[in-house]
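Chemist:
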Amino acid sequence: MTEAPPAIAVRDLRKVYGAKAAVDGLNLTVPQRSFFGFLGPNGAGKTTTIRMLMGLAPPTSGSIELLGLPMPEKEVEIKSRIGVVPDESLLFDHLTGPEFVEFVGRMYSLPRAIARERARELIALFELDASSRKLIGEYSKGMRKRVAMAASLIHRPQLFLMDEPFEGVDAVGARLMKDILIDQVRRGATVFLTSHVLEVVERLCERIAIIHEGKIVTEGTIADLRSGSESLEDIFVRVVGADRMGESPAWL
Amino acid sequence: MHAQTLAILWAQGKSVRNRFPRAGASHVLSIVAACIWYGIWTGGAIAEGLICAESEPAVLMQLLPSGLLLLTLYWQLIPILMVSTGLSLDLRRLVVYPIPHSQLFTMEVLLRVTAAGEMLVMLTGATAGLLFNPRVPVWGACTLPVYAAFNLFLSTGFRDLLGRLFARKRIREVLVFGLVLVAALPQILLRSDPTAIRRVLNAQPTLYLPWAAAARLALGSNPFLCFCIIAGWTAIAYAFGRWQFERSLRFDSAEAQSKDNLQPNRITMTERIFQIVPSLLPDPLGVLVEKEIRVLSRSPRFRLVFLMGFSFGLLIWLPIAFNGNHSTSALSSHYLTAVTVYAIMLLGEVCIWNIFGFDRGAVQLYYSAPIRMSTIIVAKNITAVFFIVLETLLIALVCLFLRMPVTLSGLVESLCVAITMTIFLLAIGNMMSTRNPRSVDPDQSWRSTSAGRVQATLIFIYVLVAVPIALAYAARFAFDSDAAFYGVLAIDVLIGIAVYWIAMDSTIETASQRKESIIAVLSGGEGPVV
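First to last, the sequence lines map onto chains A and B.
Positions 875 to 1126 (my numbering) are the ones given, in order, by the first sequence.
Positions 7 to 536 (my numbering) are the ones given, in order, by the second sequence.
#1: Considering only the alpha carbon of each residue, which of Gly979(A), Ser954(A), Thr921(A) lies closest to Leu3(B)?
#2: So if I threshold CB-CB distances at 7 Å, which residues from the segment 918 to 951 of chain A count as touching chain B?
#3: What residue range does the alpha helix (DSSP H) around Ser954(A) cover?
#4: Mind reading off the beta-carbon distance from Asp124(B) to Thr162(B)? Whole number of angstroms is fine, and I expect it under 8 Å.
#5: Determine whether the Cβ of Arg885(A) lies closer than 8 Å to any Cβ atom of chain B.
#6: Could you check what DSSP says for Gly979(A) in three-state terms: helix, strand or coil?
#7: From Ser1026(A) to Lys953(A), what does the alpha carbon distance come to, in whole angstroms?
#8: Would you tell me roughly how many angstroms separate the C-alpha atoms of Pro985(A) and Cys1079(A), rounded to the nearest one?
#9: Using 8 Å as the threshold, is the C-beta distance between Val897(A) and Gly1088(A) below it?
#10: Rounded to whole angstroms, what's the CA-CA distance from Trp249(B) to Arg1081(A)? Just pull it up for me.
#11: Just verifying my parser: in three-state terms, what is the DSSP assignment at Ser487(B)?
#12: Does any residue of chain B have a CB that is nearer than 8 Å to the CB of Val958(A)?
#13: Pairing CB atoms from the segment 298 to 314 of chain B with CB atoms from the segment 352 to 368 of chain B, are three or more of them under 8 Å?
#14: Just the chain A side, please: which residues come within less than 7 Å of Ile350(B) by C-beta, in chain order?
#15: Counting C-beta neighbours from all protein chains within 10 Å, is the total for Asp1098(A) 16 or more, i.e. buried, or is it exposed?
#16: Please tell me whether Ser1006(A) has its Cβ less than 8 Å away from any Cβ of chain B.
#17: Could you check where the alpha helix (DSSP H) with Pro229(B) kicks off and where it finishes?
#18: Which residues mark the beginning and the end of the alpha helix (DSSP H) in which Ile149(B) is found?
#19: If you drop the 5 nearest sequence neighbours on each side, which residues of the same chain put their C-beta closer than 6 Å to that of Ala147(B)?
#20: Say whether chain B places a C-beta atom closer than 8 Å to the C-beta of Leu1050(A).
#21: Alpha carbon to alpha carbon, how far is Ser72(B) from Ala245(B)? Give it in angstroms, no decimals.
#22: For Glu1073(A), is the classification buried or exposed, using 16 other Cβ atoms within 10 angstroms of its Cβ as the cut-off for buried?
#23: Is Asp1037(A) buried or exposed, if buried means 16 or more other CB atoms sit within 10 Å of its CB?
#24: Using DSSP with H/G/I as helix, E/B as strand and the rest coil, what is Leu403(B)?
#25: With a cut-off of 8 Å, do at least 3 Cβ pairs link the segment 1017 to 1025 of chain A to the segment 957 to 971 of chain A?
#26: Of the residues that make up the segment 998 to 1031 of chain A, which ones have a beta carbon closer than 7 Å to any beta carbon in chain B?
#27: According to DSSP, is Pro944(A) part of a helix, a strand, or is it coil?
#28: Distance cutoff 8 Å, beta carbons only. Does Leu964(A) sit that close to anything in chain B?
#29: Measuring only the C-alpha atoms, how far is Leu75(B) from Gly929(A)?
#30: Let me know if Asn442(B) comes out buried or exposed under the rule of 16 or more other beta-carbons within 10 Å of its beta-carbon.
#31: Would you kindly check if the distance between the Cβ of Ala17(B) and the Cβ of Glu1012(A) is under 8 Å?
#32: CB Ala509(B) to CB Ala433(B), shorter than 8 Å?
#33: Pick from His8(B), Ile236(B), Leu83(B), Pro143(B): whose alpha carbon is nearest that of His107(B)?
#34: So, for Gly1062(A): in the same chain, excluding its five sequence neighbours on each side, which residues have a beta-carbon less than 6 Å away from its beta-carbon?
#35: Report the neighbours of Glu1080(A) on chain B: residues whose CB is nearer than 7 Å to its CB, in chain order.
#36: Can you pull the chain A neighbours of Ser21(B), defined as C-beta to C-beta under 7 Å?
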């Protein structure tokens, strides 16, 4: 029996903006059925990496394989098997939540009746049914994230790519989203997420990678990376070298 | 039709319907203007159909190639000159879904109809006319839909190509001048030889050109060869359109922009010019004007419009420069004013009619900061006047550089007319901006309305605003005196200021009453089609 290919295999990935390499020779392997956290300080290259994985930005060089299929050669097949929670600006503000989720279902070629039924169920699951007649443009930030995650689930993807899925989500919503994701991993899916909420990552992710100035500076299980009683925040601050407090101006 | 195509159409329909109840009077005005505009073209198409139905093939052999050539020129060039290329797929949002590129391309090609719908009306007229002409084979009329497809593919390719080129700062500037030169070519020909255009249009074009082959095929002449030629041209246009579309799908605008910003800390001459006006004003007015100037000057959409307004001056003046013959026609003696009015028309979309839509993220700050709304609106209006004056001066400077007859009195006249007109426009624009705010993507170079609709709406509004200016010119003509001209203009300015302040009260009241809905509308994006 052949071994399942990794969910994500990235080799020497580079993305250059002008004279600056936002992602600089990234190598990463994410096994299937795992919960992987991709961390880094602001401007480290997390969003650029996830945009390249989603097919939103072409890499300058390097190779990407998702679920054993090469990008961009098998782009359509890959996209049909992944669920994305991208930057919230990719939502359509003049649709209601159920309309958007149904739209996404139909974009993944679900029959209209099934897309509508699943959209209704997902909206209820994410506790958005009370606002089902509201336009997404009128949603709060947390509600926008919830609807984006609901939409990402509609076609039962094998791999989730999520950019800051918990940003702006309240504690109840975050708990709900975490439970759903854990359940998805139990059922065989892979979750790759970026987040600044380190407590969530610490609780959810089996493996993490920390990116700094476009390069992976550490990767492994949290237990492997931990020295003594360090929290993930301590590891993060130590690894990216930001453990010194900047000197505040006198007037502050 | 593919399920995903239907889903996009369904979502777009929902988006439009959800937004429709928010439509205001300006939407109604825009629809009325569009009806008038397309009504005129429909009349033209009926006349064209009658000519095609009644004429002998020999006459049609003369008329049809020229007609199809003009149609292609309009279809490809006017949307670019008006910076309005119609509706388009929002690829940035759709690219995450598993949609085959061929499907996206098909939809994009069909959306190109909105770039110059007038031409489709004209083609329909010609097709219907040919179908009713007993001297022309019935199958000949089928050629014109193929010719429409050729134009749609070509238009898709050009839009994508220009869209990517305009995203790169320096290339964009060079490109605009290139376009202006291309657009100026007929005028240069006309000035150097008045019969040149007529000869070009009347000449029997070589059979291998698409319009000639399409015309001959439509009239049943040499059908096999003509079919091969037009099919070949359509295939080339398809390949070009598809190639450019694929490149746009892979295009990363952030990457393109980053190549232009390698020295972010260097203060350029332009930045120094931009700081002059704000430095003369007290804060918070000064800082607001500075912010407006910075935001607008960095927006691709504003830069394109500013360049087009400015470079159109060259478009009008190049023929005279090449000819060396200073004509005394009404247009040539008021060239600076004419170019300035054109520039105001283009700049209006970004500086006057929707003052909050461009930097929509700042609206929440305006409402939460301890600044009066009137100060914010005045700052935006000062910025508009600054750019209009700057544009006028740039046009005059280039004309001087090209040794064109720019006089100080001509410059003063065009500045006075521009400022008078701008005061009235700002009064109306401020009210429209709070009653019908629209979120605009400043990174999107092209307008999404069709060029024709933009022209129609602008004509409607500007004719109204031009009345006080026309009165000043009438006074000059009647009294043969510049004093009369400037006297009437002075009265116009006083009336304009009164109108401006009355409108300002109404604007501030609306801005206060509709605070929540303005923020909500400006926070929103678009549907899958923009």
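For glycine and all other residues, C-beta sits at the position ideal for the given N, C-alpha and C.
The structure displayed is predicted, hence computed values, not measured ones.
Modeler: In this structure, then:
#1: Chain B is shown only over 7 to 536; residue 3(B) falls outside these bounds and no answer can be derived.
#2: Met928, Gly929, Leu930, Ala931, Pro932, Val950
#3: 949 to 955
#4: Residue identity check: residue 124(B) is Glu in the sequence provided, not Asp. With 8 Å as the limit, Glu124(B) and Thr162(B) do not qualify as a contact, their Cβ atoms being about 18 Å apart.
#5: no
#6: helix
#7: 11 Å
#8: 34 Å
#9: yes
#10: 41 Å
#11: coil
#12: yes
#13: yes
#14: None at all; the shortest Cβ gap to chain A is about 31 Å.
#15: exposed
#16: no
#17: 229 to 255
#18: Here residue 149(B) is Thr; the residue named in the question, Ile, does not match the sequence. Here the alpha helix (DSSP H) through Thr149(B) covers 149 to 172.
#19: Thr133, Leu136, Leu137
#20: no
#21: 25 Å
#22: exposed
#23: buried
#24: helix
#25: yes
#26: Leu1009, Gly1011, Glu1012
#27: strand
#28: yes
#29: 40 Å
#30: buried
#31: no
#32: yes
#33: His8(B)
#34: Arg907
#35: Within chain B, no residue comes near Glu1080(A); the closest Cβ sits about 26 Å away, beyond 7 Å.
#36: Phe966, His968, Leu969
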